[in-house]
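The structure appears right after this line, and notes come after that.
In the working numbering, the protein residues as written are 448 to 573.
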């Protein structure tokens, strides 16, 4: 039985082999690492917004950068864990969870609209 071997160049004709593919993946990953270092600060700001009763849809107040869905969900989880871990023993009623869920859903909706609006504005400016 003969094993056929393909060159990596035929798998990725637009690139020069598997090395170029890994180089591209590595560059993309490095770009996301800098964002991951900033993520705890972003989530902390979103938690503060939740504590104020404001939907966590923006990374800064009146900014042009909407929060990502992952950051909104993470902020909600951190907020809930802080409340349930004993910092506020009276928190945890149905009404408390209802308010949290409404704020998170509103943030998801607003962030999605904000992101779409930003893209549209950039297109119009060009």
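Cβ coordinates follow ideal geometry from the N, Cα and C atoms, glycine included. Keep in mind the model is a prediction, meaning the values are calculated, not measured.
Asked: Touch test, the region 553-571 against the region 529-542, Cβ-Cβ under 8 Å, three pairs minimum; Found: no
Asked: Residues of its chain near residue 553, where Cβ-Cβ distance is below 6 Å and the 5 sequence neighbours each way are ignored; Found: 502
Asked: Residue environment, residue 558, which counts as buried when at least 16 other CB atoms sit within 10 Å; Found: buried
Asked: Cα-Cα separation, residue 515 to residue 488; Found: 13 Å
Asked: Own chain, CB closer than 6 Å to residue 538, minus 5 neighbours either side, in chain order; Found: 530
Asked: Close Cβ partners of residue 574 (< 6 Å) along its chain, the five nearest in sequence each way excluded; Found: Outside the displayed span of the chain (448 to 573) sits residue 574, for which this structure offers no information.
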